[in-house]
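Novice: Numbering-wise, the sequence shown is residues -14 to 115 according to our numbering.
The beta-carbon is built from N, C-alpha and C at its ideal position, and this holds for glycine as well.
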Amino acid sequence: MKLKVLALVGILSFLFTIVSVFAQGDAVSGTWTGDWGPSAADRNDVTIALKWDGKAALSGNITGGTNVSSAIPLQKGTYDAKTGAIHLEAEASSRGRMVHYIVDGKVEKGTMTGSWNHDNRKGDFKLTKK
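Here you go:
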């Protein structure tokens, strides 16, 4: 009898956990807007559309913002749901040459913050999920 009760409690706990995860939804997929820049005085608007595969991979595009005339596809993207860590890489044309951007940050309560760099330039960003 005790074994049946423990098994039932275990199954119900597992089901509750699964329902809770699905009820929270996907914390990273969707449209994110905000700004990025090398300093507080030098900011650029940006919009990013992301799609998480539910495991670790992110896909998407930088779809709008300062100097973005057409969507820039992400070359690499990862998201760790346990820690909120995010990593993105993309290449964009700037002044006639390709620039490889690396972005690392964290997603927490509908906000994504972190740092970016390319070549010898770096800065920070803050985005909010729409």
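Once DSSP output is grouped into helix, strand and coil, what is the label at valine 53?
Specialist: Coil, per DSSP.
Novice: Apart from the five residues on each side of it in sequence, which residues of its chain come closer than 8 Å, Cβ to Cβ, to glutamate 76?
Specialist: Ile57, Gln60, Met83, Val84, His85 and Tyr86
Novice: Counting only the same chain and skipping the five closest in sequence on each side, list residues whose C-beta sits under 6 Å from that of histidine 72.
Specialist: Thr63 and Asp89
Novice: Is the beta carbon of lysine 91 sitting closer than 8 Å to the one on glycine 15?
Specialist: no
Novice: Where does alanine 77 fall in DSSP's three states?
Specialist: strand
Novice: Quick check on this structure: which residue in Gly19, Pro23 and Glu93 has the alpha carbon closest to the alpha carbon of lysine 107?
Specialist: Pro23
Novice: Going by DSSP, which residues form a beta bridge with glycine 15?
Specialist: According to DSSP, which records beta bridges pairwise, glycine 15 is partnered with Leu35.
Novice: If you draw a straight line from the alpha carbon of glutamate 74 to that of lysine 94, how long is it in whole angstroms?
Specialist: Looking at the two C-alpha atoms, the distance is approximately 23 Å.
Novice: DSSP puts lysine 61 in a beta bridge; with which residues?
Specialist: According to DSSP, lysine 61 bridges with Glu74.
Novice: Check arginine 106 in the structure and name its three-state DSSP category.
Specialist: strand
Novice: Got a sec? Which residues, its chain only, sit under 6 Å from valine 31 by beta carbon, not counting five neighbours each side?
Specialist: Trp21 and Gly50
Novice: By Cβ distance below 8 Å, which residues in the same chain neighbour asparagine 29 in space, the five residues on each side in sequence not counted?
Specialist: Asp20, Trp21, Gly22, Gly50, Thr51 and Asn52
Novice: In its own chain, which residues sit with a C-beta less than 7 Å from the C-beta of glycine 45, not counting the 5 before and 5 after it?
Specialist: Ile33, Ala34, Leu35, Lys36, Leu59 and Gly62
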